[in-house]
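Encoded as structure tokens, the structure appears first; notes follow it.
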Amino acid sequence: MFFAPILQFVTKRDLILKRSTFEHVISSMAGRNCLKGFLLTFLMVGMSGLHAQEASPQFADLAARAAAARDQQNIPLAIELYTQAEQLKPDWREGWFYLGLLQYGANQFPAAIDAFNHLLQLEPSAVPAMALRGLCEFETGAYDDSLRDLEQSIAHGAANEPRNEQILRYHLAQLLVRAGRFQDALTQYKIFIEKQVDSPDVLLGLGLAGTRVRLLPKEIPETDRGLYLAAGSAGYAFLSGNSELAASIFTELFARYPTAPNLHLFYGYLLFQHDSELAINQFQSELTIAPGNIEAHAILAYTEMIAGRYAEAVPEAEHVLAAMPDMEMALIALGRSLGETGDPKHGMELLNRVLQSDPDNLEAHMGLAAIYSHAGRREDAYRERMVCLGLAK
Amino acid sequence: MSVWFALAWPSSLRRIVVRFSVAALIWLLCDFAGVLPTLAQSKKSSTSAVTCGTCHVGVATSYSHAPMRHAMESPGANPALETHPNLSVQMGQYFYTVQTKDGKSTYTVSDGRNSLTLPIRWIFGQHSQTWVLEKDGHLYESLVSYFPRDNGLATTPGDQKITPHNLIEAMGRRLQPWETRSCFNCHATDAVAGDQLTLDHLRPGLDCERCHVGAQQHMADAENDNFKTLPKSLKRMDSESISNFCGECHRSWDAVIRNHWHGPAFVRFQPYRLQNSKCFSGNDPRISCLACHNPHQPANRNNASYDSKCLACHSEAKASHARVCTVSKNNCVSCHMPKVELPGGHTSFTDHQIRVVKPGEAYPN
Chain A
1 MFFAPILQFV
11 TKRDLILKRS
21 TFEHVISSMA
31 GRNCLKGFLL
41 TFLMVGMSGL
51 HAQEASPQFA
61 DLAARAAAAR
71 DQQNIPLAIE
81 LYTQAEQLKP
91 DWREGWFYLG
101 LLQYGANQFP
111 AAIDAFNHLL
121 QLEPSAVPAM
131 ALRGLCEFET
141 GAYDDSLRDL
151 EQSIAHGAAN
161 EPRNEQILRY
171 HLAQLLVRAG
181 RFQDALTQYK
191 IFIEKQVDSP
201 DVLLGLGLAG
211 TRVRLLPKEI
221 PETDRGLYLA
231 AGSAGYAFLS
241 GNSELAASIF
251 TELFARYPTA
261 PNLHLFYGYL
271 LFQHDSELAI
281 NQFQSELTIA
291 PGNIEAHAIL
301 AYTEMIAGRY
311 AEAVPEAEHV
321 LAAMPDMEMA
331 LIALGRSLGE
341 TGDPKHGMEL
351 LNRVLQSDPD
361 NLEAHMGLAA
371 IYSHAGRRED
381 AYRERMVCLG
391 LAK
Chain B
394 MSVWFALAWP
404 SSLRRIVVRF
414 SVAALIWLLC
424 DFAGVLPTLA
434 QSKKSSTSAV
444 TCGTCHVGVA
454 TSYSHAPMRH
464 AMESPGANPA
474 LETHPNLSVQ
484 MGQYFYTVQT
494 KDGKSTYTVS
504 DGRNSLTLPI
514 RWIFGQHSQT
524 WVLEKDGHLY
534 ESLVSYFPRD
544 NGLATTPGDQ
554 KITPHNLIEA
564 MGRRLQPWET
574 RSCFNCHATD
584 AVAGDQLTLD
594 HLRPGLDCER
604 CHVGAQQHMA
614 DAENDNFKTL
624 PKSLKRMDSE
634 SISNFCGECH
644 RSWDAVIRNH
654 WHGPAFVRFQ
664 PYRLQNSKCF
674 SGNDPRISCL
684 ACHNPHQPAN
694 RNNASYDSKC
704 LACHSEAKAS
714 HARVCTVSKN
724 NCVSCHMPKV
734 ELPGGHTSFT
744 DHQIRVVKPG
754 EAYPN
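Residue numbers (this note's numbering), protein chains in the order written: chain A, 1 to 393; chain B, 394 to 758.
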């Protein structure tokens with residue numbers, strides 16, 4: 001199975017695999033041209049180190065022996081020699097890089113983090129080091145740090161190489177769920193679905209993201225795994241184009257777990273992009289199970305706005321904003337809906353409030369365009385529409 | 394003339410005058426669209442089923458020829474298929490034939506070794522046609538369509554990127570449930586109830602009820618002389634709302650933007666294109682869909698007939714901000730709303746993004 005090597009990597013059973021995989025991590029930085037640049041940088045760093053080594057035969061000897069031990073897979077010796085070499089020359093970047101890599105492979109995660117910290121202080125743009133530090137932090141339970149590093153490294157190209165992409169995105173997706181950023185997590189899982197990766201790990205993670213459970217897969221009690229795996233399977237089926245299979249799995253889930261939170265919300269979320277009316281039905285079902293689910297109220301208000309059911313969206317959005325005054329989704333739903341139902345001034349205020357914190361929010365600009373248009377503010381409407389066309393591209 | 398005065402008249406004449414007066418009074422009370430309701434007379438003088446056309450004769454008659462009325466055609470008496478009983482085309486390794494005989498049309502795809510034949514049950518479109526096919530309980534959009542300009546078959550718009558791997562994939566693109574709902578809801582009447590497809594009940598094309606929600610109730614009540622339950626008036630909507638209303642099927646600006654659609658393939662979504670125009674203003678009735686098009690009539694293909702619509706703003710006589718064309722006052726749309734060929738060819742659409750088109754300029758958006 002394609003995902004198996006990743007899991008091996010994740011579980012750190014095989015140093016060779018990890019190291020070879022890490023070479024992919026390096027190569028992923030920003031495409032192969034960048035890789036050449038990065039390796040060249042490393043080489044130059046190494047050469048500068050070697051230049052220094054002419055003045056320090058002891059360092060040169062240690063560096064050569066460390067590389068030889070690494071090549072011979074004598075990991076404990078290599079770690080020891082790289083550590084000694086770094087004590088002699090703490091600005092030797094290549095040394096920190098290999099030391100961190102080897103320690104990561106040996107499950108010495110705190111030490112690996114320390115090595116990558118040194119490297120990143122010397123070379124803040126060393127994206128592979130940042131990605132590896134993120135993976136180490138995940139293993140030590142420093143989840144917030146791990147999320148920051150993985151997100152940043154992926155943003156800078158660490159996931160451009162297919163094998164690295166899956167390792168990094170899988171960890172990132174788990175952390176996004178834990179952080180309550182479900183939409184972002186689902187975006188990550190969609191990449192696995194596009195590649196037809198349907199391992200249980202991905203399905204479980206997708207199920208957690210869809211049903212908005214802020215836990216890591218390893219934290220899920222055994223008794224609940226079936227529910228989230230099935231939810232993930234339904235989501236996978238839907239997102240891979242088999243909506244009929246998805247519908248049957250969801251129907252079965254609704255029958256088997258009639259009070260499980262966020263199952264209808266997940267199905268509604270999947271339907272939302274294709275058919276807002278079907279999505280609304282699911283969100284309303286969710287609210288019959290959990291009337292106090294503010295997120296469900298918010299997404300219902302938003303979807304009603306999208307469906308042009310403005311009069312219904314107003315009270316829903318007001319209900320949400322009474323509990324969460326800054327919730328963007330509800331601000332947009334209420335702003336547009338008020339603009340369409342006779343209170344354009346208040347509607348514009350709310351939409352402009354969204355744009356203050358999120359200037360490129362497409363729906364807020366669309367709402368303003370509609371309000372200006374209804375009011376006959378032709379030039380303002382045209383300007384907003386052109387902004388939207390640019391954003392939509 | 395007083396109704397009471399008319400009581401002294403001969404009974405037959407009196408009956409006519411009384412009915413006319415009552416109908417006129419109802420019409421005034423209803424403030425209804427330009428036709429005189431004559432249901433009160435007709436229901437007593439006729440045993441045939443009451444329809445919208447029973448009262449609204451003029452508009453119902455003209456609407457019977459309108460494109461929306463023929464958004465879906467019955468396979469039995471389809472003029473395009475009747476006049477082209479043997480259509481065929483080779484597309485890659487697959488050979489398609491559409492044959493019509495004795496009022497029945499079939500769609501066949503063959504790979505040279507095996508073939509698959511299905512009856513054509515639903516014809517989408519009056520001129521260019523795409524067929525929805527049913528196999529094993531699933532609905533498929535035919536992978537080839539009929540194009541009148543070519544008098545032949547070619548790939549269905551939007552399906553150019555599909556590479557079929559077997560006969561079923563070559564036959565058509567399997568439709569997702571929401572696509573099916575959307576397609577039938579815009580091409581037929583009573584095809585969808587709630588979130589369910591009700592294909593057994595559908596009537597091809599769009600009946601009055603499809604736009605004039607409440608028409609059925611209005612008709613039922615009118616049979617009992619109750620004219621208070623009127624369908625929602627569409628006349629009071631501003632241009633922005635009309636655009637969105639028409640855009641429910643012809644695709645609204647919001648829908649196109651939300652789906653991130655751009656490029657010439659989407660020139661066919663007129664409300665979106667119109668709202669991209671600099672001159673579009675949501676509260677100006679001179680630029681609404683209805684300013685130029687009467688949905689109850691066939692589209693007017695005479696470019697010059699639209700000049701007065703443009704000159705309603707772009708004229709020296711009008712005190713407005715609109716600029717006046719220095720080139721011509723005739724055939725405005727031929728320059729300012731050019732025809733755009735859909736990718737893949739076979740058909741073109743008028744671009745409703747009204748603009749000054751510069752020579753060699755790329756299609757905007």
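Where a beta carbon is used, it is the ideal one built from N, C-alpha and C, also for glycine.
Residues of chain A with CB under 7 Å from residue i, in chain order?
i	result
P570 of chain B	S243
N758 of chain B	L389
D647 of chain B	M366
R514 of chain B	Here the premise fails: no neighbours, minimum Cβ distance about 20 Å.
D588 of chain B	E277, L278 and N281
Quick check: the Cα distance between residue i and residue j, rounded to an integer number of angstroms?
i	j	result
L704 of chain B	K722 of chain B	8 Å
E252 of chain A	A237 of chain A	14 Å
A173 of chain A	Y143 of chain A	12 Å
M386 of chain A	H643 of chain B	21 Å
R567 of chain B	D529 of chain B	11 Å
G598 of chain B	F283 of chain A	32 Å
F138 of chain A	F59 of chain A	33 Å
K494 of chain B	V502 of chain B	17 Å
G226 of chain A	L168 of chain A	25 Å
S243 of chain A	I280 of chain A	17 Å
P261 of chain A	S337 of chain A	28 Å
R70 of chain A	E161 of chain A	24 Å
I245 of chain A	F192 of chain A	Position check: residue 245 of chain A holds Leu in this sequence, whereas Ile was assumed. If you take the alpha carbons of L245 of chain A and F192 of chain A, they lie about 19 Å apart.
E312 of chain A	C685 of chain B	32 Å
Residues of chain B with a CB under 9 Å from the CB of residue i: which are they?
i	result
A381 of chain A	E633, Q668, F673, S674 and G675
So which of the options has the shortest CA-CA distance to residue i?
i	options	result
E304 of chain A	A:G292, A:A317 and A:A69	A:A317
A85 of chain A	A:L391, A:A63, A:D71 and A:P162	A:A63
P76 of chain A	A:Y104, A:W92 and A:A60	A:Y104
S521 of chain B	B:V660, B:D583, B:P752 and B:H739	B:H739
L391 of chain A	B:C672, B:I650, B:A586 and B:A715	B:I650
Y228 of chain A	A:A246, A:L263, A:L245 and A:L239	A:L263
L362 of chain A	A:P258, A:W92, A:K393 and A:S373	A:K393
N758 of chain B	B:V660, B:C725 and B:D677	B:V660
R353 of chain A	A:D343, A:E219 and A:A364	A:A364
Show which residues of chain B have a CB atom less than 7 Å away from the CB atom of residue i.
i	result
E252 of chain A	Within 7 Å Cβ-Cβ: nothing; E252 of chain A doesn't reach chain B, min ~17 Å.
G268 of chain A	Correct list: empty, because the minimum Cβ distance to chain B is about 12 Å.
A234 of chain A	Within chain B, no residue comes near A234 of chain A; the closest Cβ sits about 15 Å away, beyond 7 Å.
Report yes if the CB atom of residue i is closer than 9 Å to the CB atom of residue j, and no otherwise.
i	j	result
D201 of chain A	Y170 of chain A	yes
I399 of chain A	G268 of chain A	No information on residue 399 of chain A is available, as it lies outside the stretch 1 to 393 that chain A covers here.
F97 of chain A	L119 of chain A	yes
T548 of chain B	M484 of chain B	yes
G367 of chain A	L389 of chain A	no
N676 of chain B	A375 of chain A	yes
V443 of chain B	E616 of chain B	yes
G100 of chain A	A115 of chain A	yes
A330 of chain A	Y310 of chain A	no
Here's the rule I'm using: 16 or more other beta-carbon atoms within 10 Å means buried, otherwise exposed. How should residue i be labelled?
i	result
Q121 of chain A	exposed
V320 of chain A	buried
Q87 of chain A	exposed
A333 of chain A	buried
A345 of chain B	In the structure as shown, chain B begins at 394 and stops at 758. Residue 345 of chain B is therefore absent and cannot be evaluated.
T582 of chain B	buried
A131 of chain A	buried
T523 of chain B	buried
P752 of chain B	exposed
E379 of chain A	exposed
V213 of chain A	buried
V606 of chain B	exposed
T591 of chain B	exposed
Residues of chain A with CB under 8 Å from residue i, in chain order?
i	result
I650 of chain B	L362, M366, C388, L389 and A392
N637 of chain B	G308
Just the chain B side, please: which residues come within less than 8 Å of residue i by C-beta, in chain order?
i	result
E312 of chain A	Result: empty, since nearest Cβ-Cβ is about 16 Å, beyond 8 Å.
At a CB-CB cut-off below 9 Å, which residues of chain A make contact with residue i?
i	result
R574 of chain B	D275, E277 and L278
Q) When Cβ atoms are compared, which residues of the region 654–668 of chain B fall closer than 9 Å to chain D? A) In the structure shown, chain D does not exist; the protein chains are A and B.
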